[in-house]
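Heads up, the thing below is written out as structure tokens.
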Amino acid sequence: VYRDADLFGLEALRASRGWREWMEPQDMYGGIGCRLGDSGAHQRFFDVQRGRHQEPFGASEVALLQRLTPVLRRVSMLSREVGQLRLQLDEARGALDAVTLAIILVERDGRATYLNRGADDLLSAPCGLLALRQGRLVARQPGDHRDFKRLLDGAFGPGDPFGERRSSLILRSERGEVPPLSICVVPASPQRAEGPPPDRLLVALKPLGQGDEIAASSRQLFALTDCESRIASALAGGLSLAQAAGLQGIRISTARTHLARIFQKTDTRQQSQLVALLQSAVLP
322 VYRDADLFGL EALRASRGWR EWMEPQDMYG GIGCRLGDSG AHQRFFDVQR
372 GRHQEPFGAS EVALLQRLTP VLRRVSMLSR EVGQLRLQLD EARGALDAVT
422 LAIILVERDG RATYLNRGAD DLLSAPCGLL ALRQGRLVAR QPGDHRDFKR
472 LLDGAFGPGD PFGERRSSLI LRSERGEVPP LSICVVPASP QRAEGPPPDR
522 LLVALKPLGQ GDEIAASSRQ LFALTDCESR IASALAGGLS LAQAAGLQGI
572 RISTARTHLA RIFQKTDTRQ QSQLVALLQS AVLP
């Protein structure tokens with residue numbers, strides 16, 4: 322802690338850049354200050370005398386600044402920490418905006434506290450299947466909202482979040498004017514089977530085309546693997562097995578092996594039976 326004029330002398334002070342560029346233009350003629358960092362990046366706190374008729378700083382002001390210095394140093398450290406957290410948050414938001422899924426962070430009371438760009442676009446659509454009402458995430462259709470709330474309540478409940486309990490849902494419009502919406506719910510932080518229930522959930526949303534819908538249905542209804550569901554979806558879309566294999570970048574022999582497993586899981590024996598089953602399948 323120092324008094325400028327006493328430390329440097331009046332002539333040296335008035336020859337300094339700080340005097341010329343900062344103090345003199347604002348009619349300042351003295352000041353006290355403290356450096357809040359011991360090394361590296363630091364900040365300074367100043368109190369200044371303004372105008373010719375102000376009483377000069379005395380020992381009591383210097384003593385007060387000395388007592389305030391630890392508090393000011395803590396404020397300076399917190400300011401830097403908050404700045405770093407904001408930078409990390411901006412980076413995280415940028416990463417979430419880059420993904421193709423719509424991502425929403427939901428609190429236990431249903432309030433949406435964060436939406437990435439995809440979610441913002443999806444929920445702002447006037448005829449969308451989900452919406453925000455008073456800050457809470459809701460399904461527009463009453464029947465859908467009951468199912469959606471049940472999905473969230475189950476994910477917020479105790480137990481293993483990746484166990485047997487349901488974690489996904491597909492919503493459909495009554496008249497088919499918008500694509501079906503696939504919803505997946507996971508805890509926003511790592512959970513243990515014996516640990517407390519989650520306080521926040523990540524809700525991932527993805528509009529489905531017909532092929533996507535069949536693939537999602539086949540995975541959930543018949544426990545098909547990702548590769549099996551993609552082959553089944555391609556067959557249901559009118560492709561041959563060879564075309565489906567080429568689309569997946571696998572050999573026809575590998576595709577036949579997958580098809581045999583699909584037949585076994587769906588209890589069908591022919592491709593025509595499989596296609597009819599997949600096209601008529603409706604998820605609960």
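Converting from the sequence shown to the numbering used here requires adding 321 to each position, the first position being numbered 1. Positions of the beta carbon are idealized from the N, C-alpha and C atoms, including for glycine.
| query | Is the number of C-beta pairs between the region 533 to 551 and the region 434 to 453 that are closer than 8 Å three or more? | reply | Taking one beta carbon from each stretch, the region 533 to 551 and the region 434 to 453 have fewer than 3 pairs nearer than 8 Å; the two do not touch.
| request: Starting from the C-beta of residue 440, find all residues in its chain whose C-beta is less than 7 Å away, skip the five residues before and the five after it, and write them out in chain order. | output: Excluding residues within five positions, the ones whose Cβ falls inside 7 Å are 423, 424, 425 and 526.
| said: Classify residue 431: buried if its beta carbon has 16 or more other beta carbons within 10 angstroms, exposed otherwise. | reply: Counting Cβ neighbours within 10 Å, residue 431 comes out buried, since at least 16 surround it.
| message | Am I right that residue 541 and residue 601 are in contact with their C-beta atoms under 8 Å? What's the rounded C-beta distance? | response | The C-beta distance from residue 541 to residue 601 rounds to 15 Å, too long to fall under 8 Å, and the pair is not in contact.
| query | residue 567 to residue 537, Cα distance in whole Å? | reply | Going by the C-alpha atoms only, they are around 21 Å apart.
| query | Where residue 543 and residue 582 are concerned, what is the direct C-alpha to C-alpha distance, given to the nearest angstrom? | reply | Across the structure, residue 543 and residue 582 are spaced so that their CA atoms are roughly 11 Å apart.
| Sheet register partners of residue 504 (DSSP bridge) | Answer by DSSP bridge pairing, in chain order: 490 and 526.
| field | CB of residue 539 within 7 Å of CB of residue 599, strictly | value | Contact flag set, yes.
| request: Ignore the nearest five residues each way along the sequence and tell me which others in residue 603's own chain have a CB closer than 8 Å to its CB. | output: Its pLDDT being 47, under 50, residue 603 is placed unreliably by the model, and the measurement read from it follows with that caveat. These residues qualify, in order along the chain: 538.
| said: So for residue 429, helix, strand or coil by DSSP? | reply: Residue 429 carries a coil assignment under DSSP once its states are collapsed to helix, strand and coil.
| said: Does residue 589 come out as helix, strand or coil in the three-state DSSP assignment? | reply: Here residue 589 sits in coil by DSSP.
| message | Taking 8 Å as the limit between beta carbons, can you name the residues of its chain near residue 461, skipping five residues before and five after? | response | Counting only Cβ-Cβ distances below 8 Å, and skipping sequence neighbours, we find 449, 450, 451 and 452.
| Should residue 522 and residue 506 be called a contact, given that it needs their Cβ atoms to be closer than 7 Å? | Contact: yes.
| request: Classify residue 546 as helix, strand or coil using the three-state DSSP reduction. | output: Coil.
| field | Sequence-distant residues of the same chain with beta carbon closer than 7 Å to residue 586, five excluded per side | value | By the criterion of a C-beta distance shorter than 7 Å, residue 586 is surrounded in its chain by 543, 544 and 545, once the five residues flanking it on both sides are discounted.
| said: Is it buried or exposed, residue 482, if we count other Cβ atoms within 10 angstroms and call 16 or more buried? | reply: Any answer about residue 482 is weak, because its pLDDT of 47 lies below 50 and its placement is not dependable; what the coordinates show is given next. Flag for residue 482 reads buried.
| message | Can you find the residues in the same chain that come closer than 7 Å, C-beta to C-beta, to residue 569, ignoring five residues on each side of it along the sequence? | response | Excluding sequence neighbours, residue 569 sits near 548, 551 and 552.
| query | Alpha carbon to alpha carbon, how far is residue 397 from residue 403? | reply | Looking at the backbone, the Cα of residue 397 and that of residue 403 are separated by about 10 Å.
| Between residue 593 and residue 575, what straight-line distance do the alpha-carbon atoms span, to the nearest angstrom? | In this structure, the straight-line span from the alpha carbon of residue 593 to that of residue 575 is close to 20 Å.
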